[in-house]
Amino acid sequence: MEAHLTDTITLASTPQALKGTYKGVVKISLMLAATYLVAQGLSHYLPAADYRQFFGFSNRIAVWIVAELHLMFAAFVLGVPIFAVITEFVGKATGEKRYDDLAKEFTKLLAMAYTLTAVLGCVLLVLFVALYPKFMGYMTKLFKPTWLLYIVLIFGEVVIAYFYWYSWDLLQGARKKWHLLLGVLVNLWGTALLFVADIWVTFMMSPAGIDDAGNLTSLWAAINNHTWMPINIHRLLANVAFGGAIAAAYAAVRFLNAKTDEERARFDWMGYVGSFIAIAAFIPLPFAGYWLGREIYQFSEQMGVSMMGGSFAWLWILQAMLIGGLFLASNFYLWLGMGRIPGAERYVKFQIPMMILLTIGFIVWATPRSIIASGAEMSAMGGSHHPFLGLFGVMAAKNTAVNLMILTTFFSFMLYRRGNRVPAVPWAATGKIVQALAIAAAAGVVLGYGIYSYSVPSNIRIGFSVYQVGAVLAAMAVFVAIDIPLLRGAQEIGAIRWGQIPARAQYALFFLAISFTWLMGLMGYIRSGIRQYWHIYGRVMDESANAYTMMHGHATIIVSCITVIFFLLVSVVFWMASRNEDGEGEAK
Amino acid sequence: MKATFFKIFAFLLVTVSTYSYVGQLVPQFEEHPPAKKVITVSTPPAELAVIGEELVRVKGGCLICHKVTETGNERGPDLRKAAGQAATRKPGMDAEAYLLESITTPDAFIVDGYSKMMPSALKPPANMNLAEVKAVIAYLQTLGGAEVSVKIEAGDIQVAKAAGPVHRGKELMGQFGCIGCHKVEGEGGVVGPDLTPIGQNRSPEELMRKILDPSAWTTPGFPPGVMPADLGKSIPEGDRHEILAYLMGLSGKAYSPTGAASPWSHEGMRLGLVILVFNLAMLAALAWARAREKKETT
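Sequence lines, in order, name chains A and B. With the first letter of the first sequence counted as 1, position 584 gets the number 584 in the working numbering; the numbers rise by one all the way through. With the first letter of the second sequence counted as 1, position 220 gets the number 220 in the working numbering; the numbers rise by one all the way through.
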């Protein structure tokens with residue numbers, strides 16, 4: 001009888017799920033048709049020109065703001081399903097409903113974010129066609145087949161993602177495997193979408209597959225250019241980190257507005273999982289970043305040097321400050337979180353040494369190569385490089401510092417993880433020693449290569465960073481591989497008191513989300529800016545009045561404006577998500 | 001709820017303002033694209049050296065790796081000594097030839113203590129012509145305290161072509177067979193009128209009309225109806241605009257080759273088809289689910 005009832009309810013929900021999905025398809029159909037007609041109409045009726053202004057506003061800044069906002073929302077909607085489906089898998093494997101609820105909570109944020117991503121993408125396309133007609137004409141000619149593929153992928157993503165959301169309650173129980181399959185498909189489709197979009201942006205950085213006159217000789221070579229795959233991987237990881245940070249910020253808002261202990265416990269846990277995902281995806285990001293850097297050097301030494309040692313060098317100091325801040329904030333959150341774990345007080349003694357290590361790493365990483373100094377100070381130093389501090393201003397020191405910071409943060413998280421547990425296996429002492437040795441060996445490799453890289457040229461030095469990150473990743477893998485069996489059947493000192501965390505911990509989560517967003521804006525500017533006065537590096541020149549590299553101060557103000565606009569838009573998504581839940585609660 | 005929102009918003013503003021403030025503390029400068037300088041065979045040596053200095057600083061991007069003052073980058077050799085040491089770098093090669101080779105084919109000889117990392121100045125992104133390379137040599141000679149000995153020859157000066165695949169009109173006219181009947185810049189057939197000066201008397205709109213509809217008018221002295229009626233329509237719209245840009249340019253008139261495709265172009269039809277397919281598929285799925293639901297209920 002009960003099975004029959006469930007079946008009836010499930011069957012009754014199928015058209016509802018499809019109806020919800022179809023609404024999404026209608027929405028995207030109307031948006032794309034309108035975009036196409038507006039873009040064509042503007043091209044047709046506006047006087048012919050190579051460049052156009054945006055109502056007296058700079059065309060470059062208009063495109064920059066909309067492109068970055070589109071990218072941020074796209075990162076969010078591509079990142080969230082990755083960890084939503086992983087959480088769902090964990091729920092299925094452990095049989096714990098809270099994981100399934102959490103995955104649903106993550107996915108709930110998506111529906112509205114998809115709409116905003118699509119609207120921003122449509123506006124961006126219209127701006128490109130209207131403001132940069134010559135450049136767009138060329139790109140369209142080269143990549144015509146990929147545009148069509150992109151449209152098909154957008155529709156596919158909308159259908160699968162909306163159906164994934166609307167069929168959540170429908171595909172439970174024995175049908176859960178179909179829902180998980182949908183989740184996997186959303187991610188495969190989303191990744192394909194990302195890879196196609198990256199073709200255009202990476203071709204602009206490192207063009208290939210065209211002859212001297214700019215005619216296409218090989219579409220595959222143009223697609224598989226030097227920076228395509230490194231940027232694909234870099235963005236994929238960054239999307240997960242970014243999505244995790246934004247989901248954690250959502251949980252923090254809900255925690256601060258919670259009216260009951262139950263709600264506080266639920267959103268405390270969600271914030272913790274979101275921040276864990278953000279940091280876990282953030283740790284291998286430098287590896288992908290170094291790979292990208294190496295490919296940039298391989299493509300054009302001049303572009304690489306301009307990025308790291310030329311006009312953009314100072315922005316890496318800003319990046320160091322941001323990432324240093326991220327490390328400090330994430331450790332601060334973990335340490336505050338230990339307050340709600342019985343038994344974690346055993347590890348408080350490690351906090352001060354870790355803090356010192358992180359602070360030293362931060363200082364080294366943020367040390368500029370050239371010191372800003374007066375003429376007298378410069379002549380006293382014998383140049384713009386300080387005789388002692390100058391040693392910390394080069395990548396040799398910075399790579400070493402960041403890898404040690406990664407290792408410290410990882411160690412901090414591992415202590416958090418075993419906060420309320422005491423290993424019960426007979427080989428516990430040996431296991432802990434091997435874990436300590438793995439960490440020490442990685443630290444040794446990082447320091448060794450750091451010192452050695454002072455004596456090699458920059459193109460070889462950048463390759464060392466791969467070994468340093470490799471050692472850190474290997475140590476982490478060994479540590480975790482031992483930790484899992486080590487803590488199996490461990491004695492529990494007490495249950496984690498979810499919800500009993502100070503409000504300032506939630507501000508640490510906001511700080512993570514804001515800094516991730518600002519960092520994304522800054523790195524996007526550097527990546528795009530290193531093309532300097534080229535639309536397509538070395539091939540198609542920017543002949544507009546905006547073809548100059550602006551002052552760093554102006555660029556950072558624009559990045560801040562973008563971040564504020566993004567969070568205002570995100571707060572609408574948060575508000576819609578919590579309003580829907582309140583509505584559901586009242587209906588129940 | 002509102003109080004929390006304002007607190008978080010204030011926190012956001014403080015955080016991003018701090019980051020922007022740090023952005024103001026780092027050195028501030030703008031980098032502009034290289035100015036176009038005219039070099040001729042009669043450019044005086046002093047002026048040539050000044051142009052060369054500008055090329056070293058901006059278009060060539062040489063100072064990313066080299067230095068010309070006490071403070072500067074040391075990835076490449078010190079340029080103040082470059083001209084002075086050039087004569088002794090490679091046996092049998094004079095200073096000027098060595099400098100020319102080191103700028104145009106840098107991998108041919110690597111100075112001890114440095115690595116292969118310099119791109120040829122003739123290739124992107126510097127994209128210099130030989131006259132510009134010689135201007136750089138003139139600057140290096142002045143920098144080293146020597147007399148400018150380098151000479152610009154007529155063959156060194158190439159007309160700067162627009163970078164990239166724009167204004168390809170001449171090439172397209174050959175590709176679509178226009179040159180078979182019309183003469184342009186002294187090349188081509190005589191069946192139709194010489195199109196070299198056509199931009200002087202006709203507007204781009206008139207020329208576009210003529211390409212699309214050859215019967216629109218006939219130039220006096222030439223027989224009507226020779227040009228195939230559908231020839232122009234077979235040329236893609238963007239390429240037609242490129243041809244117009246080229247023809248107008250021959251008369252010294254600027255015309256952007258950026259053309260608008262018709263809303264009923266292939267792209268529009270393809271987009272419409274994709275929209276139709278996905279909507280029909282969803283409607284079919286919905287109808288199937290409803291029919292199944294109805295059947296289960298009954």
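Here a beta-carbon is modelled for each residue, glycine too, at the ideal position from N, C-alpha and C. Since this is a predicted model, take the numbers as computed values, not measurements.
{"Query": "Distance CB(tryptophan 365 (chain A))-CB(glycine 324 (chain A)) smaller than 8 Å", "Result": "yes"}
{"Query": "Where methionine 321 (chain A) meets chain B, residues with beta-carbon distance less than 7 Å", "Result": "Val22"}
{"Query": "Within 8 Å, strictly: CB atoms of alanine 241 (chain A) and glycine 274 (chain A)", "Result": "no"}
{"Query": "Own chain partners of cysteine 181 (chain B) with C-beta closer than 6 Å, once the 5 adjacent residues on each side are dropped", "Result": "Gly189, Val191 and Gly192"}
{"Query": "Three-state secondary structure assigned by DSSP to arginine 369 (chain A)", "Result": "coil"}
{"Query": "Proximity to phenylalanine 413 (chain A) [Cα-Cα], best of A:Thr517, A:Leu318, A:Val572 and A:Phe327", "Result": "A:Phe327"}
{"Query": "Start and end residues, alpha helix (DSSP H) containing tryptophan 291 (chain A)", "Result": "285-299"}
{"Query": "Run of the alpha helix (DSSP H) containing histidine 70 (chain A), from where it starts to where it stops", "Result": "59-94"}
{"Query": "N- and C-terminal bounds of the beta strand (DSSP E) containing tryptophan 534 (chain A)", "Result": "534-536"}
{"Query": "Beta carbon proximity, tyrosine 19 (chain B) to chain C, threshold 8 Å", "Result": "Included in the structure are the protein chains A and B, with no chain C among them."}
{"Query": "Close-in-space but distant-in-sequence residues of the same chain around valine 77 (chain A) (CB under 7 Å, 5 per side omitted)", "Result": "Leu110, Ala113, Tyr114 and Thr117"}
{"Query": "Rounded C-alpha distance that separates asparagine 257 (chain A) from glutamine 500 (chain A)", "Result": "14 Å"}
{"Query": "Min CB distance glutamate 157 (chain A) to chain B below 8 Å", "Result": "no"}
{"Query": "Proximity below 8 Å, CB of methionine 354 (chain A) to CB of threonine 408 (chain A)", "Result": "yes"}
{"Query": "Closer than 8 Å to chain A by CB, leucine 12 (chain B)", "Result": "yes"}
{"Query": "Under 7 Å from the C-beta of leucine 148 (chain A): neighbouring residues of chain B", "Result": "Arg270"}
{"Query": "Any chain B beta carbon closer than 8 Å to threonine 549 (chain A)", "Result": "yes"}
{"Query": "Glutamate 295 (chain A) beta carbon less than 8 Å from that of proline 119 (chain B)", "Result": "no"}
{"Query": "Pair within 8 Å by beta-carbon distance, leucine 131 (chain A) and tyrosine 51 (chain A)", "Result": "yes"}
{"Query": "9 Å Cβ cut-off: residues of chain A touching phenylalanine 29 (chain B)", "Result": "Ser311, Thr549, Met551 and His552"}
{"Query": "Beta-carbon proximity check, alanine 396 (chain A) vs glycine 450 (chain A), cutoff 8 Å", "Result": "yes"}
{"Query": "Which of helix, strand or coil DSSP assigns to valine 68 (chain B)", "Result": "coil"}
{"Query": "Proximal chain B residues relative to valine 63 (chain A), where beta-carbon distance stays under 7 Å", "Result": "In chain order: nothing, as chain B lies at least about 16 Å away."}
{"Query": "According to DSSP, residues forming a beta bridge with threonine 549 (chain A)", "Result": "B:Glu31"}
{"Query": "Own chain residues within Cβ distance below 6 Å of leucine 142 (chain A), not counting five before or after", "Result": "Leu216"}
{"Query": "CA nearest to the CA of proline 47 (chain A), picked from B:Cys65, B:Glu205, B:Pro77 and B:His32", "Result": "B:Glu205"}
{"Query": "Within-8 Å CB hit, tyrosine 255 (chain B) to chain A", "Result": "yes"}
{"Query": "Three-state secondary structure assigned by DSSP to lysine 432 (chain A)", "Result": "helix"}
{"Query": "Inter-residue spacing [alpha-carbon to alpha-carbon] between glutamate 157 (chain A) and leucine 276 (chain B)", "Result": "16 Å"}
{"Query": "Rounded straight-line distance, which links the Cα of tyrosine 548 (chain A) to that of valine 532 (chain A)", "Result": "What sits at residue 532 (chain A) in the sequence shown is glutamine, not valine. Answer to the nearest angstrom: the Cα atoms are 7 Å apart."}
{"Query": "Rounded C-alpha distance that separates proline 133 (chain A) from glutamine 40 (chain A)", "Result": "11 Å"}
{"Query": "Cβ contact (3+ pairs, closer than 8 Å) linking the stretch 438-450 of chain A and the stretch 99-111 of chain B", "Result": "no"}
{"Query": "Partner residues on chain B for phenylalanine 510 (chain A), Cβ-Cβ distance less than 9 Å", "Result": "Ile8, Phe11, Leu12 and Thr15"}
{"Query": "Three or more C-beta pairs below 8 Å linking the stretch 557-576 of chain A and the stretch 501-519 of chain A", "Result": "yes"}
{"Query": "Residue of A:Ser455, A:Ile439, A:Tyr347 and A:Phe464 minimising C-alpha distance to asparagine 420 (chain A)", "Result": "A:Tyr347"}
{"Query": "Nearest neighbour of valine 16 (chain B), chosen from A:Ser578, A:Ile562, A:Arg369 and A:Met576 [CA to CA]", "Result": "A:Ile562"}
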